[in-house]
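Peer 1: Residues in the sequence shown are numbered from 1376 upward in steps of one, following our numbering.
Input: one structure, supplied below.
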Amino acid sequence: MTRSAWAAFQRGFTSNVRFALGAVLEQKLRSSLTILGIVVGVTTVMAMVAIVTGFNNNIIGNLQAFGANRIEIQKYDERFGPGGPPPEEMRRRKNLTVDDAEALRQAMPEATVSSLCGYFDAVIHIKNGNREANSPYVLGADEFYPTGTAYNIGRGRFFTAAEVEHSALVVVLGSEVQQAIFPKEDPIGKDITVEGLRYRVVGVLERKGEQFGYSPDNKVVLPMGSFARQFDFQMRRDGVSLNIVPKRTEDLDRVIEKTIAIMRARRRVPFNKPNDFAVATPDQLISQFRAITGGVTGAMVFIALISLLIGGVGVMNIMLVSVTQRTREIGIRRAVGALKRDVIGQFLTEAVTLSTIGGALGVLLGLLISATVKATVPALPTAIPFWSPLVGLLVSMGVGIFFGAYPAVKASRLDPIEALRWE
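Encoded structure:
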């Protein structure tokens, strides 16, 4: 394109935009109602993307915070969505045991294996004198717990192998429990009571922050033997879960294969039967979660597309009315030398201007909704991907082009003589 041709295009485009804005301002109410569907559609897409992206980032970050290469062996399969008791087949499964952890440890020196058991079903009274923790839960763990769960010690130390073996009355506190019962003093070396039984505090875990709607920092960790002695019913009911962390990330797949083979042999699972235990990694849980949110996203996109379709039909309708009302104007333009492409450009620009205004308002409303949700619901930190506003504007422009094309072509095909006779 030559410089003169480009300059002519710019003049024509600028004039068309000016005419389009004038038409929008002249018919404010009609234009507002026309772009409402586009505003709703783009706002829905923006808000949905922000909420789903923030939720995904939060959940994935939480999963990865417990070790991106961690393998978890459980009695029950991990499930997202509504809770409820596990199926009958799962309830019939044998418990995992501390002996399973030791067998894996002996067979796989290339990995760290830890065992733990949690008690979440009742209010546990954790006290330091008159101060009491706020509904914490209790874990029993071995000395490999920090490595197996990617938990660092913030203060003090973790259990020794001797303390685990001899069921020592020592305890490691979560940071939330420490703040509740030792708000202004160092807890190391102090005594607390767990359901009335006295324990000596030897360490405090680093803070993790809220995960999946609950706080993993609101807990106390006991040596496995001490936990089994005080909460024997829990061990007999659910057994333990095992956390396995390869010492080298590249060994992850091989460690998973060896773990499954060893566990199937120990539990005497026939070769033609599925595992009677669950194997989960953060990547698997992330995939499951994304499959769920993907369905939600698809439903929201479908709703947004319906809104955009309604908005597009509104744009087409107003442009057809505009063509009818401005028939004489079109005739005059054609009579003084305007080409068909000039008329098409004028009306197509007007349609795109309408839809782009709707898209811009939708983007702004989407950003406002995202910021409001983030400020009022800390558990749902929304996030706007950098591409989201751009896509919203491009989609709205595309709606204008698609639904404005027919009215624009119809206007360009009007006979100049007949158009000049129009009253």
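Cβ atoms here follow ideal geometry from the backbone N, Cα and C, with glycine treated the same way.
1. When the Cα atoms are used, what is the spatial distance from Lys-1565 to Leu-1572?
2. Here's the rule I'm using: 16 or more other beta-carbon atoms within 10 Å means buried, otherwise exposed. How should Ala-1783 be labelled?
3. Just to check my reading of the structure: Val-1547 and Val-1579 have Cβ atoms closer than 8 Å, yes? What is that Cβ distance to the nearest angstrom?
4. Are three or more beta carbon pairs between the segment 1766–1774 and the segment 1734–1754 nearer than 8 Å?
5. Should Ile-1416 be labelled buried (16 or more other beta-carbon atoms within 10 Å of its own) or exposed?
6. Using the three-state DSSP reduction, which class does Glu-1538 fall into: helix, strand or coil?
7. Hey, how far is the Cα of Thr-1731 from the Cα of Ile-1410?
8. Whole-angstrom Cβ separation of Glu-1551 and Ser-1510, contact assumed at under 8 Å?
9. If I'm right that Leu-1544 touches Tyr-1520 with Cβ under 8 Å, what's the distance once you round it to whole angstroms?
10. Within the continuous beta strand (DSSP E) that includes Lys-1594, where are the two ends?
11. With DSSP run on the structure shown, which of helix, strand or coil describes Leu-1471?
12. Under 8 Å, with one C-beta from each stretch per pair, do the segment 1602–1621 and the segment 1465–1479 reach the 3-pair mark?
13. CA-CA distance, Gly-1741 and Val-1676?
14. Please name the residue, chosen from Lys-1785, Ile-1681, Arg-1629, Val-1569, that lies closest to Val-1498 on a Cα-to-Cα basis.
15. Tell me whether Val-1644 sits in a helix, a strand or coil according to DSSP, three-state version.
16. Tell me, which residues are paired with Glu-1447 by DSSP?
17. Go to Leu-1729, then tell me how far its alpha helix (DSSP H) extends in each direction, as first and last residue.
18. Let me know the secondary structure DSSP gives Asp-1613 once reduced to three states.
Peer 2: Checking against the coordinates, here is how it stands:
1. If I take the Cα positions, the gap works out to 14 Å.
2. Under a 10 Å Cβ-count criterion, Ala-1783 is classified as buried, with 16 or more other Cβ atoms of the shown protein chains found around its own Cβ.
3. Sure, about 7 Å apart at Cβ, within 8 Å.
4. In the pairwise beta carbon analysis, the segment 1766–1774 is classified as touching the segment 1734–1754: at least three pairs are separated by under 8 Å.
5. The residue asked about is misnamed: residue 1416 is Gly in this sequence, not Ile. Around the CB of Gly-1416, 16 or more other CB atoms lie within 10 Å, so the residue is classed as buried.
6. Correct three-state label for Glu-1538: helix.
7. So the alpha carbons of these two residues sit roughly 9 Å apart.
8. Going by Cβ atoms, the distance from Glu-1551 to Ser-1510 rounds to 10 Å, so no, they are not a contact pair.
9. Between Tyr-1520 and Leu-1544 the Cβ distance is about 17 Å, and since that is not below 8 Å, they are no contact.
10. Counting along the chain, the beta strand (DSSP E) containing Lys-1594 begins and ends at 1594–1598.
11. Three-state DSSP puts Leu-1471 in coil, outside helix and strand.
12. Contact annotation: the segment 1602–1621 touches the segment 1465–1479, with at least three C-beta pairs closer than 8 Å.
13. Each residue's Cα considered, the two are about 14 Å apart.
14. Checking every option, the nearest Cα to that of Val-1498 belongs to Val-1569.
15. Here Val-1644 sits in coil by DSSP.
16. Residue pairing of Glu-1447 in beta bridges, as defined by DSSP: Asn-1618, Ala-1655.
17. From DSSP, the alpha helix (DSSP H) with Leu-1729 extends over 1715–1751.
18. For Asp-1613, the three-state secondary structure derived from DSSP is helix.
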